[in-house]
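Accompanying notes for the structure given below.
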Amino acid sequence: MQAPEDQTDTFRLEVIELLSQRANFPLLSANIFLKSSLVDFEGNPVEVNGAGCYPKDPRSKINWLKASQPTFHLLNAPQKPLFQPYTVIKKAGLKIAIIGIDHANTPIATTPDNVKHLCFRDEKSTYYDTQKYLEKTEKPDIYVLIIHDGDVPEFEHREGAPLKGDFSLSTLVKNLLSGVGSPDGKPAKIDAVIAGHTHTFNEYFIETNDKMKKVPLMQAGSQGLNFGRIDLVWDSKTQALNNDKTRVFAPVLISLKECSQKSNLFCHINSSAGTVLYEEVKVTEDEAIKAIIEDKKSQDNGKIKAMLQKELGSLDVEFNYDRIKESVLANFLTDSFLKIAKHEVDDVVTGSHKVIQADIAFLNASGIRRSLVATGPVVADGPFRIVTYEDFFKVLPISNEGVFLYPVNMEKLYRLIQTSIMTCGAYGALMPSGLRVTFEKDCNRKT
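For this note's numbering, count along the sequence shown from 1 and bump the result up by 1.
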C-alpha cells in the first residue's frame with residue numbers, strides 16, 4: 002500500500018482511510034475506539050487516556066457495547082467502520098476466526114496528534130470480549146490472533162542485565178490461555194499467534210498451565226525480507242487440532258536463489274532451471290507489483306524517478322545500522338541533523354531577522370530502518386559507488402514528524418541522557434551530537 006502523493010504524514014487517519022479503499026484486504030483492529038463514543042452505563046461521557054482506554058476517573062466503568070470504532074468520513078467513502086475487529090474465513094469446511102489487535106501504547110509510540118481522537122483498549126480485555134462474542138455468534142473452529150506487538154529475545158534486548166529479554170507478548174498469551182482477568186473466569190481460545198512490532202525473529206510454542214495445549218507464536222522480522230509459516234493440522238475424528246502435528250517456521254528468507262535453513266521441509270532448488278520452489282510452486286518476483294512501482298516512479302513527467310536517482314555522494318563500504326547500540330550510521334545521521342537544524346525568527350523590537358543554529362541533536366536509533374548501501378553507478382576512479390536519494394530514503398522512510406526544534410533546559414537534557422544510559426542494551430537509547438557523554442556501565446543498578 003502506498004501513501005497518497007499529497008499526504009506527507011503516513012500515519013494520519015485520513016491517509017489510512019484512503020489506503021484502505023485501495024487495499025483488497027480488511028484492516029483488522031478490535032481495540033481502536035473513538036474517545037467521543039465512550040460512555041458509562043448511565044450514558045454519561047467517560048474521559049479516558051489514549052493508551053489502554055483507561056478512564057481518568059477510576060470510579061468510571063465504560064459500557065463497551067455502546068463504544069464505536071472510527072468510520073470513513075470522506076465524502077466519496079462508504080459509511081462503514083474503518084477497521085474490522087475480526088474476519089472469519091472458511092477453509093476445508095472449517096471456520097477460522099482472525100482477530101486483529103493493535104498495540105495499546107500506540108498513542109505514546111507515534112505522533113500523539115495523529116491519534117488524538119482515538120483510544121487503544123488494552124489487549125487482554127479486547128481479546129476476551131471479541132473471542133467470547135465470536136463463540137456465541139460465528140462459532141469458529143479455529144482462532145488466530147494477529148497482533149501489533151512482539152517479544153524481544155534475550156540476546157537482542159540486553160547485555161549483561163538481570164532482565165533477560167522482553168516477553169510481554171508471551172505473558173499476555175499465557176494469561177489469556179489461563180483465564181487471568183477473564184470476565185467469566187474461563188480461559189480464552191487461541192490456536193495461533195502472528196506477531197510483529199519489535200522487528201525480531203521468534204518461533205516457539207506457548208503451553209497452557211495444564212500442558213494440555215501448546216499454541217504456536219511466530220514473528221518473521223521486518224522490511225518484507227522474510228516470511229513465516231504455521232501449519233495447523235485438523236483431526237477429522239476428534240474434530241479438533243492435532244497439537245502434536247503443529248509446526249511453525251520463522252523467519253524464512255525470501256530468495257530467488259536459495260532455500261533457507263528454516264524452509265528445508267517445503268523448499269527445494271531445481272538445479273537444471275536454477276529456480277527455487279516452495280511446495281513445488283516456483284518462487285518469482287511479482288510482475289504486477291513491479292509494474293505498479295515503475296508506474297509510480299514514472300509519474301509527474303518522470304520527476305519522481307529523477308529525484309530517486311539523485312546523487313548524494315559515494316561510499317566504498319556499507320554503513321551498517323544498529324537499532325540498539327551506537328553505530329557509524331547513527332552518528333552520521335545525528336551529526337547531519339545538527340548541522341542543518343536551524344530556527345529562523347524575526348525580532349519584533351529591532352526588526353532584524355535571526356537564524357539560530359541548534360546546539361545539540363538527539364536521534365532515537367530505533368527509528369533507523371536499514372543500513373545505508375550504495376546502489377548507484379560505480380565511480381570510475383575507485384571501488385566507490387554512488388549513493389542515491391532512494392538509497393538514503395530506505396534508511397529513514399517514515400514521515401512521522403521525526404525532527405523537532407525547541408529549547409531544552411539542563412534538567413531535561415540530563416534526564417534524556419540518564420534515560421538513554423539506563424536502557425542498558427534495550428531499545429530507546431538516544432544518540433547525541435554536539436556533546437560528549439561518558440559514563441560507567443553497570444546494568445545491575447536500579448537507578
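Ideal placement from N, C-alpha and C gives every residue a C-beta, glycine not left out.
Counting C-beta atoms within 10 angstroms of its own C-beta, residue 419 has fewer than 16 neighbours from the protein chains shown and is therefore classed as exposed. In this structure, residue 363 and residue 433 form a Cβ contact; the two beta carbons are roughly 6 Å apart against a cut-off of 8 Å. Bounds of any alpha helix (DSSP H) do not take in residue 230; it lies within the beta strand (DSSP E) bounded by 227–232. With a 10 Å radius around the Cβ and a threshold of 16 neighbouring Cβ atoms, residue 266 comes out exposed. As far as DSSP is concerned, residue 335 takes part in no beta bridge. Annotation: residue 54 to residue 68 spans about 11 Å, alpha carbon to alpha carbon. Listed in chain order, the non-local C-beta contacts of residue 204 below 6 Å within the same chain comprise 219, 249 and 251, local neighbours out to five positions each way being set aside. For the 8 Å CB-CB criterion, residue 85 and residue 34 do not form a contact.
In this structure, the alpha-carbon of residue 99 lies about 5 Å from that of residue 88. If you look at residue 432, you'll find it in the beta strand (DSSP E) that goes 431–434. By the criterion of a C-beta distance shorter than 6 Å, residue 193 is surrounded in its chain by 145, 217 and 231, once the five residues flanking it on both sides are discounted.
Within 10 angstroms of the beta-carbon of residue 312 lie fewer than 16 other beta-carbons, which makes it exposed. Taking 8 Å as the upper bound for CB-CB distance, residue 178 and residue 207 are in contact here, some 7 Å apart. For residue 394, the secondary structure class from DSSP, reduced to helix, strand or coil, is helix. Residue 220 has 196 and 203 as its beta-bridge partners, per DSSP. Contact between residue 120 and residue 50 holds, since their C-beta atoms are separated by about 7 Å, short of 8 Å. For residue 201, the closest alpha carbon among the candidates 223, 195 and 355 is that of 223. With contact defined as three or more Cβ pairs closer than 8 Å, the stretch 377–390 and the stretch 344–357 are not in contact. The beta carbon of residue 90 is closer than 6 Å to those of 97 in its chain, skipping five residues each way along the sequence.
The C-beta distance from residue 102 to residue 127 rounds to 6 Å, short enough to fall under 8 Å. Residue 149 counts as buried, since no fewer than 16 other beta carbons sit within 10 angstroms of its beta carbon.
Counting other Cβ atoms within 10 Å of its Cβ, residue 42 stays below 16 and is therefore classed as exposed. Under the 10 Å beta carbon count, residue 124 is surrounded by 16 or more other beta carbons and is classified as buried. For residue 374, the secondary structure class from DSSP, reduced to helix, strand or coil, is coil. Per DSSP, the continuous alpha helix (DSSP H) segment holding residue 296 begins and ends at 288–299. Taking all protein chains in view, the Cβ of residue 32 is crowded by 16 or more other Cβ atoms within 10 Å, so the residue is classified as buried. Linking residue 176 to residue 189 through their CA atoms gives a straight-line distance of about 9 Å. Cβ contact annotation for residue 374 (same chain, cutoff 7 Å, sequence separation greater than five): 319 and 392, in chain order. DSSP places residue 365 in no alpha helix (DSSP H) but in the uninterrupted beta strand (DSSP E) bounded by 362–365. Bounds of the beta strand (DSSP E) holding residue 386 are 386–389. Residue 437 is classed as exposed because its beta carbon has fewer than 16 other beta carbons within 10 Å across all chains shown. In terms of Cβ geometry, residue 197 and residue 151 form a close pair [threshold 8 Å]. Selection 277, 240 and 246 evaluated against residue 258 yields 277 as nearest (Cα-Cα).
Contact between the stretch 279–298 and the stretch 231–245 is absent, with fewer than three C-beta pairs closer than 8 Å. Annotation for residue 63: no alpha helix (DSSP H) segment contains it, and DSSP assigns it neither H nor E.
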